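A.B. asks: Just dropping this structure here.
Numbering (our numbering), first residue to last: 1358 to 1625.
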């Protein structure tokens, strides 16, 4: 039987209970991951996704984590190593687009447009999308450095790392920060053989875009700008994550890939 791209690798996925995190967990397991740790704020939904992995013949465990809690992120990394022996890959997919709290990706509630967004929204979005990303990356990187076997970190950023509509400022700023964090950590961790890259999805059919897809005019605005004329599928993003996670991308670090259907190709 031919080797699969993730054979023997232990993977941690945050935001793994839904959306892009869930799709990534399932895809990497499908490609032979030795184990997938499904981590999410909603421990029950994380356990359900871990159950999907095991039902398909993979190995998985679940871990409840609020990524804004730095010590809990350290516990996640330690638990993964204690349970599965090491961490080879991190997919950091936990994120929110508003101040809503829940599992995996969040649907934007439309109440924080433009300068009307609240201080609480600003702090919540930046805390999850940037501080939480740093806490997670740092905790896993510490375990990878201690193991001395290198590794791959894949951060889920966004097309909003380089583009904004102007009505989602906290989200766009947090994702721009996620992209710079990715580049900075790539420099810092290169001596340890740890690659750090990012994925910047466009508009994908996940809970985060549910409100946009339900609004006919908003959806038409997205598909009208997207060269491929449609929303993307979680599997298409998970395939990009897979490439950056596996050895096929061995000469990639400090890079970002945009599965966006050509959304960012137009200059205006």
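We treat Cβ as the ideally placed atom computed from N, Cα and C, and that holds for glycine.
The structure displayed is predicted, hence computed values, not measured ones.
So residue 1511 and residue 1598 are in contact, right, with Cβ under 8 Å, and what is the actual spacing, rounded?
C.D. replies: Residue numbering aside, residue 1511 sits at position 154 when the chain shown is read from its first letter. Residue numbering aside, residue 1598 sits at position 241 when the chain shown is read from its first letter. Right, the Cβ-Cβ distance comes to about 5 Å (below 8 Å), so this counts as a contact.
A.B. asks: Is residue 1609 helix, strand or coil by DSSP?
C.D. replies: Counted from its first residue, the chain shown places residue 1609 at position 252. Here residue 1609 sits in coil by DSSP.
A.B. asks: Using CA atoms only, rank isn't needed, just tell me which of 1594, 1445, 1371 is closest to residue 1400.
C.D. replies: Taking the first residue of the chain shown as 1, we reach residue 1400 at position 43. The shortest C-alpha separation from residue 1400 is found at 1371.
A.B. asks: Any heavy atom of the ligand COA inside 7 Å of the beta-carbon of residue 1561?
C.D. replies: As presented, the structure is devoid of all ligands, the ligand COA included, so that no description of it is given.
A.B. asks: Which residue marks the beginning of the alpha helix (DSSP H) containing residue 1489, and which one marks its end?
C.D. replies: Locating residue 1489 in the chain shown gives position 132, where the first residue counts as 1. Start and end: 1489-1504.
A.B. asks: For residue 1552, which residues does DSSP report across the bridge?
C.D. replies: Within the chain shown, the letter at position 195 stands for residue 1552. Answer by DSSP bridge pairing, in chain order: 1509.
A.B. asks: Is it buried or exposed, residue 1501, if we count other Cβ atoms within 10 angstroms and call 16 or more buried?
C.D. replies: The residue you call residue 1501 lines up with position 144 of the chain shown. Per the 10 Å Cβ criterion, buried.
A.B. asks: Cutting at 6 Å between CB atoms, please list the residues of its own chain near residue 1532, excluding the five before and the five after it.
C.D. replies: If you number the chain shown from 1, residue 1532 lands on position 175. These residues qualify, in order along the chain: 1514, 1515, 1517, 1518.
A.B. asks: Name the one or two DSSP bridge partners that residue 1418 has.
C.D. replies: As a position in the chain shown, residue 1418 is number 61, starting the count at 1. Partner(s): 1394.
A.B. asks: In terms of DSSP beta bridges, what is residue 1589 paired with?
C.D. replies: Looking up residue 1589 in the chain shown gives position 232. Residue 1589 is bridged to 1561.
A.B. asks: Ordered along the chain, which non-local residues of its own chain (more than five positions away) have a Cβ less than 6 Å from that of residue 1441?
C.D. replies: Reading the chain shown from its first residue, position 84 is the one you call residue 1441. Answer for residue 1441: 1367, 1392, listed in chain order.
A.B. asks: What's the call for residue 1475, buried or exposed, on a 16-neighbour Cβ count within 10 Å?
C.D. replies: Taking the chain shown and counting its residues from 1, one reaches residue 1475 at position 118. Under this definition residue 1475 is an exposed residue.
A.B. asks: Taking the beta strand (DSSP E) that residue 1371 falls in, what are its first and last residues?
C.D. replies: Mapped onto the chain shown, residue 1371 falls at position 14. Counting along the chain, the beta strand (DSSP E) containing residue 1371 begins and ends at 1367-1371.
A.B. asks: For the putative contact between residue 1381 and residue 1448, defined by C-beta atoms under 8 Å, what is the C-beta separation to the nearest angstrom?
C.D. replies: Locating residue 1381 in the chain shown gives position 24, where the first residue counts as 1. Locating residue 1448 in the chain shown gives position 91, where the first residue counts as 1. Indeed they touch by this definition, with Cβ atoms about 5 Å apart.
A.B. asks: Please work out which residues of its chain come closer than 7 Å, Cβ to Cβ, to residue 1575, disregarding the five sequence neighbours upstream and downstream, and give them in chain order.
C.D. replies: Along the chain shown, one-based indexing puts residue 1575 at 218. Taken in chain order, the residues that qualify are 1569.
A.B. asks: Pick out whichever of 1455, 1388, 1623 has its Cα sitting closest to the Cα of residue 1526.
C.D. replies: Translated into positions along the chain shown, residue 1526 becomes position 169. Nearest C-alpha to residue 1526: 1455.
A.B. asks: With DSSP collapsed to three states, give me the class of residue 1445.
C.D. replies: As a working note, residue 1445 is residue 88 in the chain shown. DSSP places residue 1445 in coil when its eight states are reduced to three.
A.B. asks: Quick check on DSSP: helix, strand or coil for residue 1617?
C.D. replies: In the chain shown, the residue the question calls residue 1617 occupies position 260. In the structure shown, residue 1617 sits in coil (DSSP, three-state: anything other than H, G, I, E or B).
A.B. asks: Residues bridged to residue 1364 by DSSP?
C.D. replies: Position 7 of the chain shown holds residue 1364. Bridge partners of residue 1364: 1390.
A.B. asks: Would you call residue 1607 buried or exposed, if buried means 16 or more other Cβ atoms sit within 10 Å of its Cβ?
C.D. replies: Locating residue 1607 in the chain shown gives position 250, where the first residue counts as 1. With fewer than 16 other Cβ atoms within 10 Å, it is exposed.
A.B. asks: If we count the other Cβ atoms within 10 Å of its Cβ and call it buried at 16 or more, is residue 1452 buried or exposed?
C.D. replies: Counted from its first residue, the chain shown places residue 1452 at position 95. Residue 1452 comes out buried.
A.B. asks: Who are the Cβ neighbours of residue 1605 in its own chain at under 8 Å, not counting the five residues just before and after it?
C.D. replies: Numbered from its first residue, the chain shown carries residue 1605 at position 248. Cβ neighbours of residue 1605 beyond the five flanking positions: 1362.
A.B. asks: Assuming residue 1479 is part of the alpha helix (DSSP H), what are its boundary residues?
C.D. replies: Looking up residue 1479 in the chain shown gives position 122. Unbroken alpha helix (DSSP H) run through residue 1479: 1476-1483.
A.B. asks: Compute the distance between the beta-carbons of residue 1587 and residue 1623, then report whether it is under 8 Å.
C.D. replies: Along the chain shown, one-based indexing puts residue 1587 at 230. Along the chain shown, one-based indexing puts residue 1623 at 266. No.
A.B. asks: Identify, in the order they occur along the chain, each residue of the same chain with its Cβ nearer than 6 Å to the Cβ of residue 1612, setting aside the five sequence neighbours on each side.
C.D. replies: The residue you call residue 1612 lines up with position 255 of the chain shown. Excluding sequence neighbours, residue 1612 sits near 1554.
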